[in-house]
Amino acid sequence: MIAVEDLVFEYPTKRALHSVSFEIPRGTITALVGPNGAGKTTLIRCLVALALSFSGRVSFDGIDVHKHPRDVHRRMGYLPDFYGLYEDLTVRRCLTYIASVQGSDPLKREILVESAAERLAIADRLDEKAGTLSRGLKQRLAIAQAIIHEPPFLVLDEPASGLDPDARFQLSKLLRQLRDGGMTLLVSSHILAELEDYCTHMIVIRDGKIADQRAIAGAADTVQSRRMLVMLDAPHHGLEAALVAAPGVSGVHVDGRTARCRLDGGEAAKQILLRALIDAGLPVVEFREEAVRMQETYMASLNKDGARDAGHGEEGGER
Amino acid sequence: MNPEFRRNLWLEFNDHRLVALPVILGAIFLLVFMFNGRQFDQITGMLAAFLYVVLIFLWGTRLAAESVLEEVNNRTWDLQRMSAIGAWQMAWGKLFGSTSYAWYGAIICLGVYGISYTGILPPAALLIAVVLYVGSGVLAHAICLLASLQAIQRRRAFGRAQVMSYQFLGLICALPLLYAGLSGYGADGIYRVTTWYGETFPLSVTMVLALAAFIIWSLVGVYALMRVELQQRNKPWLWLGFVVFAMIYFAGVRYVPWTVPAALAPLPSAPAAAYVVALIATYIMVLSEAKDRVHFRRLGYFYRTRQWGEVFNMAPRSVLTLPILILAGTAVALLSNVTVLRDVLSVVEVRVAVIAGMLFVLRDVAFIYFMSLGYADGRGDGRAFLYLVLLYTVVPALLSALHLTPLVAFFWPQYGQGPVLTLAPIVIEVVGILYLLRRRWRADLGAVAPAPSG
Chain A
1 MIAVEDLVFE
11 YPTKRALHSV
21 SFEIPRGTIT
31 ALVGPNGAGK
41 TTLIRCLVAL
51 ALSFSGRVSF
61 DGIDVHKHPR
71 DVHRRMGYLP
81 DFYGLYEDLT
91 VRRCLTYIAS
101 VQGSDPLKRE
111 ILVESAAERL
121 AIADRLDEKA
131 GTLSRGLKQR
141 LAIAQAIIHE
151 PPFLVLDEPA
161 SGLDPDARFQ
171 LSKLLRQLRD
181 GGMTLLVSSH
191 ILAELEDYCT
201 HMIVIRDGKI
211 ADQRAIAGAA
221 DTVQSRRMLV
231 MLDAPHHGLE
241 AALVAAPGVS
251 GVHVDGRTAR
261 CRLDGGEAAK
271 QILLRALIDA
281 GLPVVEFREE
291 AVRMQETYMA
301 SLNKDGARDA
311 GHGEEGGER
Chain B
1 MNPEFRRNLW
11 LEFNDHRLVA
21 LPVILGAIFL
31 LVFMFNGRQF
41 DQITGMLAAF
51 LYVVLIFLWG
61 TRLAAESVLE
71 EVNNRTWDLQ
81 RMSAIGAWQM
91 AWGKLFGSTS
101 YAWYGAIICL
111 GVYGISYTGI
121 LPPAALLIAV
131 VLYVGSGVLA
141 HAICLLASLQ
151 AIQRRRAFGR
161 AQVMSYQFLG
171 LICALPLLYA
181 GLSGYGADGI
191 YRVTTWYGET
201 FPLSVTMVLA
211 LAAFIIWSLV
221 GVYALMRVEL
231 QQRNKPWLWL
241 GFVVFAMIYF
251 AGVRYVPWTV
261 PAALAPLPSA
271 PAAAYVVALI
281 ATYIMVLSEA
291 KDRVHFRRLG
301 YFYRTRQWGE
311 VFNMAPRSVL
321 TLPILILAGT
331 AVALLSNVTV
341 LRDVLSVVEV
351 RVAVIAGMLF
361 VLRDVAFIYF
371 MSLGYADGRG
381 DGRAFLYLVL
391 LYTVVPALLS
401 ALHLTPLVAF
411 FWPQYGQGPV
421 LTLAPIVIEV
431 VGILYLLRRR
441 WRADLGAVAP
451 APSG
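Keeping their order, the protein sequence lines are chains A and B. Position 82, counted from 1, in the first sequence is what this note's numbering calls 82; the numbers after and before it change by one each time, with no gaps. Position 18, counted from 1, in the second sequence is what this note's numbering calls 18; the numbers after and before it change by one each time, with no gaps.
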């Protein structure tokens, strides 16, 4: 759906994006994560055609966003990290205005307004001025503005900032609903635990380069080491020994009747380990792979990238 | 209805404001009416004109200048840029929407003005006066919006000082036309005339037509700059077309009240006026247009790969104005009126001075770009402007005071010093600054490898 090829963006004194390439598949929610100053917002502004890249190409369903920005804008929704609202207008008028400038059918405009307000749970605030809303409600209004024209592609830069825990839960639910409704989303955030709730893919950006890109749901297929959890009926002195002796197992940690370890290899390695535990006479009641946490994947990506950079630095130094 | 216009109406009008302005204006007019012997005459008419000027030229220009700047300051501009609305809709929606409340009061004032002058002015003169008031208001607002749109290409934070400067620009563009047009029907009841390219026309009607032409050009400019903000690209023809139009227009105007200094007497008035217009246009553009270093890197790529169409589209508008300036300057030099000169030597002196003047413009443009490329904060041209002001004022004054007059040729186009002493200093300066500019540009391009997109 979105294809980015060799994207380079320059500020007068700094190159912010270095030949960035990736794809965002249709019907996914992609988390864009990275440290402060990594280039996330610059990348997003290039994707939504608000900033012109120095070189490279961004295409949306085959349309070059820099050559045809207006064609793309009507099919995108965007919530910037620092957004503004028309504070002297009522919520209804804010939404009506956005629906109008996005070229929605005048006959369906009222329905769109109410639908967006209901999705964001601000239907009871439609006749209040935007300026009188709390920070969390303003955030919801801003998201409602971004989705009111039901764009196929939605970009949210730090959408959860300013939201209370309940609103964050509602946001997660909303984003999943939007994806289930056929929308493709790109979400930039620092709160990885929340991204984990709804993201299907992750792009890690660091120093203007893509450090990692992977499917979160299928992360286990792409990492060499899985994290396994073994639970027994009751604590057993042979658990640790059996795990250590099993092939491909490392990082064993036993806590009472529960053990965690890392396991190298594919599905066959899991079968072999389970058989080894049963053969050792252990009363296994639970044996499963623990989900790879986004935080760990993110840190691993950054560390890997950092190590590679350091390695390159050393090579350069030797020359 | 245009959604941008409607949004502005929502913001500008509420029940209170809808009633407040007519009540206030009505009270003022009623008071004057009562103290004026319960009649509408020149006094109420002048008061109505004064209030119109306050509403449209003092308040309305501020609203027009702020219409985009407030969006930028309040972080709603990206929301609008991401919308599907067209550039023209956005442009007129902002221009007339943001100033709608000022126009609401202004229409009341014009109504009182019309009633007051009925019977005092002939109907045609009254109609022309109303058209002049309305047209000059639209022009002033359009210029303010134009200036603010030009400004946001360079910076994204604005204060009161910037808004006031754009208001000032709007006023100096519109008020002379209003003044000239209104003076077309004198208190003595005689219609004034003016000449344009030797033909005689009624002054008021000429000003109305000139106003209409400049309104159209300002709206075209607003539309073009709005397109840029909406990430659409323009070709330079609109700007070049405007410069040529302004040159043709001002070349035909007869500047009767002005006494031409003796040194300028040999200059042909029409080409000289056209040259001055091109000169002003070049300086306005070189100081106001964005000078983004990344833009120049992209331009450099297209230049190296000989994509001349892209080079033309991306070239600074001020640089593209230079050939027009040179053509006008050459015409001035060649058409200098030798009959008012004493001898051939004087003819040469005039022509040398005109050529030196063009070289000074070239030096200044190159210097401004040299400074702009040297500072990443985008304020290089501001510094260059400051230095140029010093070079044109303080330094030559100092040199004159020190009796080092020949050196003044480095800082001012000279007359009567001979071709060598007049041209040699500025040629040295031009060559030097072009060399430095080229070096700085190449150094900036050095770090760039990939081909630009778009």
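From the three backbone atoms N, C-alpha and C, an ideal C-beta is built for every residue, glycine too.
For the segment 27-49 of chain A, the beta-carbon criterion of a distance under 9 Å to any beta-carbon of chain B is satisfied by 45, 48, 49. Think of a sphere of 7 Å around the beta carbon of residue 10 of chain B: the chain A residues whose beta carbon falls inside it are 89, 93, in chain order. Counting along the chain, residue 73 of chain A sits inside the alpha helix (DSSP H) bounded by residues 69-73. The residues 256, 257, in chain order, have a CB closer than 8 Å to that of residue 235 of chain A in the same chain once the five nearest residues on each side in sequence are set aside. Taking 4 residues as the minimum length, the alpha helix (DSSP H) runs contained wholly in the segment 5-53 of chain A are 40-47, in order along the chain. Contact with chain B is absent for residue 126 of chain A, since none of that chain's Cβ atoms lies less than 9 Å from the residue's Cβ. Residue 13 of chain A reaches chain B at 376, counting residues in chain order whose Cβ is nearer than 7 Å. For residue 296 of chain B, the closest of B/439, B/316, B/283 by C-alpha to C-alpha distance is B/316.
The three-state reading of DSSP puts residue 129 of chain A in strand, counting E and B together. Straight across, the Cα-Cα distance linking residue 33 of chain B with residue 24 of chain B is about 14 Å. Pairing residue 48 of chain A with residue 39 of chain A, the inter-Cα distance amounts to about 14 Å. Nearest to residue 74 of chain A by C-alpha distance, out of A/87, A/121, A/50, A/285, is A/50. By the Cβ-count criterion, residue 27 of chain B is exposed, with fewer than 16 other Cβ atoms from all chains shown falling within 10 Å of its own Cβ.
Excluding the 5 residues flanking it on each side, residue 162 of chain A has same chain C-beta neighbours closer than 7 Å at 135, 136, 139, in chain order.
Cβ contact annotation for residue 24 of chain A (same chain, cutoff 7 Å, sequence separation greater than five): 1, 2, 30, 184, 186, in chain order. Checking the DSSP bridge columns, you'll see residue 261 of chain A partnered with A/228. Just so you know, the alpha carbons of residue 71 of chain B and residue 96 of chain A end up roughly 18 Å apart. Under the three-state reduction of DSSP, residue 326 of chain B is assigned to helix. Rounded to whole angstroms, the separation of the alpha carbons of residue 167 of chain B and residue 69 of chain A is 32 Å. Scanning chain B for C-beta atoms nearer than 8 Å to the C-beta of residue 177 of chain A yields nothing, as the closest lies near 22 Å away.
Under the Cβ criterion of 9 Å, residue 351 of chain B is not counted among the residues facing chain A.
Among the bridge pairs identified by DSSP, residue 202 of chain A is matched with A/31, A/214.
Look at residue 76 of chain B: its C-beta is under 9 Å from a C-beta on chain A. With a cutoff of 9 Å on beta-carbon distance, residue 266 of chain A and residue 20 of chain A are scored as not near each other. The beta carbons of residue 415 of chain B and residue 353 of chain B sit about 5 Å from each other, so the pair counts as a contact at 8 Å. Residues of the segment 153-167 of chain B with a C-beta less than 9 Å from any C-beta of chain A: none at all. Residues 65, 68, 69, 166 of the same chain have their beta carbon placed closer than 6 Å to that of residue 148 of chain B, with the five preceding and five following residues left out of the count. For residue 262 of chain A, no CB of chain B lies under 9 Å from its own CB, so it is not counted at the interface with that chain. Exclusion of the five residues before and after residue 360 of chain B leaves 413, 426 as the residues of its chain whose Cβ lies within less than 7 Å of its Cβ. Around the C-beta of residue 364 of chain B, 16 or more other C-beta atoms lie within 10 Å, and the residue is accordingly described as buried. Around the beta carbon of residue 118 of chain A, a 10 Å sphere encloses fewer than 16 other beta carbons of the protein chains shown; the residue is thus reported as exposed. Residue burial annotation: residue 100 of chain A is buried, with at least 16 other C-beta atoms found within 10 angstroms of its C-beta. Following the DSSP letters along the chain, one finds residue 250 of chain A inside the beta strand (DSSP E) bounded by residues 249-255.
In terms of beta-carbon proximity, residue 70 of chain A lines the interface with chain B, with at least one pair separated by less than 9 Å.
A distance of 9 Å or more separates the beta carbons of residue 79 of chain B and residue 131 of chain A. At least one C-beta of chain A is nearer than 9 Å to the C-beta of residue 6 of chain B.
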